[in-house]
Amino acid sequence: MTIHVRRQIWVLLAVQAVLPFSFEIIFPFVNQFLLEIGVVDNPADVGFYSGFVESAFAVTQLLTVFPATWAADHYGRKPVLVLSTLGVAVSMATFGLSTRYWMLIASRLIAGGLGGSGTALRVMVSEVSDKNTEVKHFTWVTMAYRTGQIIGQPIGGILSHPERQWPSIFGARFWYTYPYALPCFVAAGYALICAVLAQLVLKETMASSRGTVDTKHSPPGEHDPLLQENSSAAAKKTKSPSALSVLSLPLASLLFSNATMVLLTEIFFATYPLICATPIELGGLGLSEVQIGIHMSIRSLLHIFIMLPYRPLQSKLGTMAMYRLSLVAWLPTILIFPFLHILARQGLEDGVVWYATLLVLFTIWAATGWSWASIFVLSSAYSPNPESVATVQALLSASVIAPQTLAPALGTSTFAFAIQHKNLFNGNLFWVGTFLLASAAVLHCFTLHESKHDWRAQRGDSADNPTETA
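Using the working numbering, you'd call the opening residue of the sequence shown number 1029 and step up by one each time.
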């Protein structure tokens, strides 16, 4: 792999971190935000409203995923990537300046509507990879996503109310009026930097947009999937097939499994801050905003570290086995949560058992993240030809975004309902429901089949001629 392509990958990884950064950064403080601007007065009711704020992002993203894919196929992957990243920057700045509930919703709708870079980014990663390097690159993509969470989640918790923590620096009236502007501005600034980097560094990977082949950066005889396509393919107009034409039964089953996995993932990502912020006597853990930010940072850090053994394990067990293992990990993850509440209720939230349980929880929870790298590789193999890659990835995006529109509101509302109706499963309705969902997902994943097809062979980019050793 040349330095030219390596530079492309690193910029794509930086852009990949933008969406989780902006999507997750509000979680540590959104519940308190709603209380402070007067949306609700009772902490037990805040979950009903915070879920809709968190879901709004994904609602418009779902509506724009296929138009964004069409634009990426007709105008290029790069313009879509740059413009959507700029849109995220604008929306995050406006979120921090919101003083009404409708303003919070509107800013998240803008972020989702202009944040359709996920499909274009994954297609670009696929197009600069071959079969041997694809697993490695998508492992990096998953790690970049978790890095965005590591950067974003503690910022959301730690930088909230800077006028209280650093009054000598943030003592101006502005910070008292907008106590959550600082973390949002940091997120907006990161998105803006990534948009500029993408514009300056990235090269278009779509064949029809590149026109001619650039070979001056590669030595004779070196094969590079981005820069070494034959000129006839480069000159040909890229046209994606329809979604229905590529939606085979095995692919549909894989997408359904992925949607279930995302539903579980986003339910817990959205609900965990609420569980932490809810008073112990109401069924939560009673943690502060700073503690929530630290918890989420540690959790995300473990999500990155646990990706390090992914490639060695994947090479021995296979991609499908890793995907199934990641879904099985949800079962003990869910079972540990009620045990944490029991410890907190008994006043053991600062003891050795508490922290040991947290470490076990975060480690097993992190193992569920193997599903993301696995699903990217598994879905890519279902592309029948190079022209269908964007369409398959758009379908994958839809299977990710659709449950994201439901998960935050569903998760937080169900948890709020459960703690208000202790007569249902002794207040454990949320845990019973999610465990049953995870069990169904585990059973279904063992019916999936892995495709061995390599669409790159049709453009002269096969595994027999890799860019570098895996």
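Just so it is clear, CB atoms sit at the ideal spot from N, CA and C, and this is done for glycine as well.
message = Beta-carbon within less than 8 Å of Phe1049's beta-carbon, same chain only, minus the 5 sequence neighbours each way: which residues are those?
response = For the purposes of this step, residue 1049 is taken as the residue at position 21 of the sequence shown. Closer than 8 Å at the Cβ level, and outside the excluded window around Phe1049, lie Gly1176, Gln1177, Ile1179, Gly1180, Ala1215, Tyr1218 and Ala1219.
ask   = What is the DSSP secondary structure of Tyr1077, counted as helix, strand or coil?
value = Walking along the sequence shown from the start, residue 1077 turns up at place 49. Three-state result, Tyr1077: helix.
inquiry  = Please classify Ser1427 as buried or exposed, where buried requires at least 16 neighbouring CB atoms within 10 angstroms.
reply    = Counted from its first residue, the sequence shown places residue 1427 at position 399. Burial call: buried.
ask   = Mind checking Lys1106: buried by the 16 CB within 10 Å criterion, or exposed?
value = For the purposes of this step, residue 1106 is taken as residue 78 along the sequence shown, with counting starting at 1. By the neighbour-count rule (16 or more Cβ atoms within 10 Å), Lys1106 is buried.
inquiry  = What does the Cβ neighbour count give for Leu1090, buried or exposed, with the cut at 16 atoms within 10 Å?
reply    = In the sequence shown, the residue the question calls residue 1090 occupies position 62. Buried, because 16 or more other Cβ atoms sit within 10 Å of the Cβ of Leu1090.
inquiry  = With distance defined between alpha-carbon atoms, name the residue in Pro1360, Phe1198 and Val1151 nearest to Glu1232.
reply    = As a position in the sequence shown, residue 1232 is number 204, starting the count at 1. Glu1232 has its Cα closest to that of Val1151, out of Pro1360, Phe1198 and Val1151.
key: Proximity to Val1405 [Cα-Cα], best of Gly1439, Trp1382 and Leu1279   = Residue mapping note: residue 1405 aligns to position 377 of the sequence shown, counting from 1. Measuring from the Cα of Val1405, the nearest candidate turns out to be Leu1279.
inquiry  = Taking only three categories from DSSP, how would you classify Pro1412?
reply    = In the sequence shown, residue 1412 corresponds to position 384, counting from 1. Note: Pro1412 maps to coil in three-state DSSP.
Given Ser1112 as reference, the closest of Thr1097, Ala1418, Ser1126 and Phe1123 once Cα atoms are compared = To locate residue 1112, count along the sequence shown from 1; it is residue 84. Minimum Cα distance to Ser1112 is reached at Thr1097.
task = Tell me whether Ile1138 sits in a helix, a strand or coil according to DSSP, three-state version.
result = Looking up residue 1138 in the sequence shown gives position 110. Here Ile1138 sits in helix by DSSP.
ask   = Does DSSP put Gln1374 in a helix, in a strand, or in coil?
value = Here residue 1374 corresponds to residue number 346 of the sequence shown, with the count starting at 1. Coil.
inquiry  = I need the straight-line Cα distance from Cys1222 to Ile1370, nearest angstrom please.
reply    = Walking along the sequence shown from the start, residue 1222 turns up at place 194. Walking along the sequence shown from the start, residue 1370 turns up at place 342. Distance between the alpha carbons of Cys1222 and Ile1370: 43 Å.
ask   = On the three-state DSSP scale, how would you describe Leu1255?
value = Reading the sequence shown from its first residue, position 227 is the one you call residue 1255. Legend: pLDDT at Leu1255 = 38, less than 50; position of this residue unreliable, value from coordinates given subsequently. Residue state, collapsed to three classes: coil.
inquiry  = Going by C-alpha to C-alpha distance, which of Leu1040, Arg1035, Ser1078 and Leu1041 sits closest to Leu1302?
reply    = As a position in the sequence shown, residue 1302 is number 274, starting the count at 1. Residue Ser1078 is the option with its Cα nearest to Leu1302.
task = Find the nearest neighbour of Thr1046 within the set Leu1063, Met1234, Ala1418 and Val1116, judged by alpha-carbon distance.
result = By 1-based counting over the sequence shown, the position of residue 1046 is 18. In the sequence as displayed, the identity of residue 1046 is Val instead of Thr. Comparing alpha-carbon positions, the option among Leu1063, Met1234, Ala1418 and Val1116 lying closest to Val1046 turns out to be Val1116.
message = Tell me which residue opens and which closes the alpha helix (DSSP H) that Glu1052 is part of.
response = In the sequence shown, counting from the first residue as 1, residue 1052 sits at position 24. It spans Val1046 to Glu1052 - the alpha helix (DSSP H) in which Glu1052 sits, taken as one unbroken run.
ask   = By DSSP, does Arg1128 sit in helix, in strand, or in coil?
value = Taking the first residue of the sequence shown as 1, we reach residue 1128 at position 100. Note: Arg1128 maps to coil in three-state DSSP.
inquiry  = Does the distance between the C-beta of Phe1296 and the nearest non-hydrogen atom of the ligand ZN fall short of 6 Å?
reply    = Among the components of this structure there are no ligands whatsoever, and the ligand ZN is therefore not found.
key: Candidates Val1290, Ile1186, Glu1052 and Thr1161, of which the one nearest Ile1403 by Cα   = For the purposes of this step, residue 1403 is identified with residue 375 of the sequence shown, where counting begins at 1. Ranked by how close their Cα comes to the Cα of Ile1403, the residues Val1290, Ile1186, Glu1052 and Thr1161 have Val1290 in first place.
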